[in-house]
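For reference, the structure discussed in these notes is given below.
What follows is the structure, given as structure tokens:
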């Protein structure tokens, strides 16, 4: 009996309408990033695990629970030369973009270039997680990094980029921006000490994860979703009251930029994000109906020390990641169709061997001009091919028989009203434009 192979748990096959959503989102992201002068970067999908341990943070859930290790399938193979040196390293599939982008930034000498440097990337990331709505083991992210500027203006620019994307996708009205500040490295000691003193009073009734977080980074307790910790977290001191005047001024300046842009936002004093390298501004975008803040569409924050932690100089930066799968779900739930679904479709129907040869050049010419063209393959009658054209929602059928092939013409049939006319191929583009728009 043949075995039925299935996709790995927590993954998605992209096809049909979901594939069209994916193309629309990624193409729109690239267009916006280019207009705002971000350069594209495409790092590998696996990296040395140390960049995540040092960067993302050894106490983060990503490092402690979610990394996928990359190994050769045959562990008994002999290694020599450069491979032998590499074998001593542990490689993992990337769980996020930022540490890999910073590794590439340092390795390729970008730190010596004029700053700020703006980088855009997108692709798959991998995290071991319990698959459920909005959570996958392979997911796709759109990523932006702005490196080398510490001003609140850069924070606002990254946030603006996300809103431009949401606006084009027609979901901006349903988006809420949550904001907080974590303070600078200089303020971090006071913040951690104050939070630790508070949480120690409730340690006995906190979840096991939070008890461990108190040992490494008490800020992470604020990110806990466990029910038994929620009331404790609600009573915790607010970070904004513990940071320096300079940190508060930076945050206030960001809010003023957002006010100037007409952006609505919620101040969320419990927002810390799940990555240890963030300083000052952190933010998340969520849907208005996600009041429990369980599934953010996008998020990011300011980081001042990550580049130093990975071997470079301390360099202020800000980054953001946008989840493609959650965006697709949000669009589908609102019955927002990707534009490609409404594009005109032309079906070329050929009824002889000579017609097939003529149609080949015709398809090439029309597709180059931007039309979406389909062709009926196989040996089918005219009526069968017209039925197929109706099923794929084509607007026009171009019919080529033996006579049309020799006369270098086509029968142009409008499938909406069944009217038709014979048109010379040399005048076909003009005839099509009368009936449809590209």
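In this note's numbering, the protein residues as written are -11 to 426. For every residue, glycine included, the Cβ atom is placed at its ideal position computed from N, Cα and C.
According to DSSP, is residue i helix, strand or coil?
| i | result |
| --- | --- |
| residue 290 | strand |
| residue 57 | strand |
| residue 385 | strand |
| residue 168 | strand |
| residue 411 | strand |
| residue 311 | strand |
| residue 231 | coil |
| residue 324 | coil |
| residue 376 | helix |
| residue 43 | helix |
| residue 419 | helix |
| residue 133 | strand |
| residue 390 | helix |
| residue 102 | coil |
| residue 357 | coil |
| residue 161 | helix |
| residue 284 | coil |
Is the Cβ-Cβ distance between residue i and residue j less than 9 angstroms?
| i | j | result |
| --- | --- | --- |
| residue 509 | residue 245 | Any property of residue 509 remains undetermined from this structure, which presents the chain solely from -11 to 426. |
| residue 386 | residue 336 | yes |
| residue 307 | residue 85 | yes |
| residue 229 | residue 258 | no |
| residue 20 | residue 159 | no |
| residue 157 | residue 146 | no |
| residue 58 | residue 26 | no |
| residue 263 | residue 227 | no |
| residue 83 | residue 60 | no |
| residue 356 | residue 393 | no |
| residue 131 | residue 270 | no |
| residue 173 | residue 267 | yes |
| residue 340 | residue 388 | yes |
| residue 353 | residue 380 | no |
| residue 275 | residue 162 | yes |
| residue 38 | residue 77 | yes |
| residue 24 | residue 106 | yes |
| residue 8 | residue 326 | yes |
| residue 420 | residue 409 | no |
| residue 195 | residue 214 | yes |
| residue -3 | residue 119 | yes |
| residue 148 | residue 251 | yes |
Skipping 5 residues on each side, what residues in its chain have a beta carbon closer than 7 angstroms to that of residue i?
| i | result |
| --- | --- |
| residue 6 | 316 |
| residue 51 | 40, 41, 44, 45 |
| residue -1 | 124, 125, 126 |
| residue 191 | 199, 202 |
| residue 314 | 122, 283, 285 |
| residue 235 | 169, 171, 172, 175, 268 |
| residue 288 | 146, 271, 306, 307, 308, 309 |
| residue 414 | none |
So, at 6 angstroms on beta carbons, what are the nonlocal neighbours of residue i in its own chain, with the 5 sequence-adjacent residues on each side left out?
| i | result |
| --- | --- |
| residue 260 | 207, 210, 211 |
| residue 183 | 206 |
| residue 13 | 312, 315 |
| residue 217 | 194, 195, 198 |
| residue 180 | 206 |
From what residue to what residue does the alpha helix (DSSP H) around residue i run?
| i | result |
| --- | --- |
| residue 17 | 4 to 23 |
| residue 431 | Within the shown structure, residues of the chain are numbered from -11 to 426, placing residue 431 beyond reach of any answer. |
By Cβ distance below 8 angstroms, which residues in the same chain neighbour residue i in space, the five residues on each side in sequence not counted?
| i | result |
| --- | --- |
| residue 499 | Examination of residue 499 is not possible in this model, given that the chain is present from -11 through 426 alone. |
| residue 144 | 242, 245, 246, 249 |
| residue 18 | 28, 108, 110 |
| residue 104 | 134, 135, 136, 137, 142 |
| residue 35 | 79, 80, 82, 87, 88, 91 |
| residue 150 | 273, 286, 308, 310 |
| residue 299 | 94 |
| residue 101 | none |
The beta strand (DSSP E) spanning residue i covers which residue range?
| i | result |
| --- | --- |
| residue 260 | Run containing residue 260: none; DSSP gives neither H nor E here. |
| residue 398 | 397 to 402 |
| residue 88 | Element bounds for residue 88: not the beta strand (DSSP E) but the alpha helix (DSSP H), 86 to 95. |
| residue 78 | From DSSP, residue 78 is part of no beta strand (DSSP E); its letter is neither H nor E. |
| residue 275 | 267 to 275 |
(message) So, does the region 302 to 311 touch the region 134 to 145, judging by three or more C-beta pairs under 8 angstroms?
(response) yes
(request) Decide yes or no for the touch test of the region 25 to 39 against the region 183 to 191: beta carbon pairs closer than 8 angstroms, at least 3 of them. (result) no
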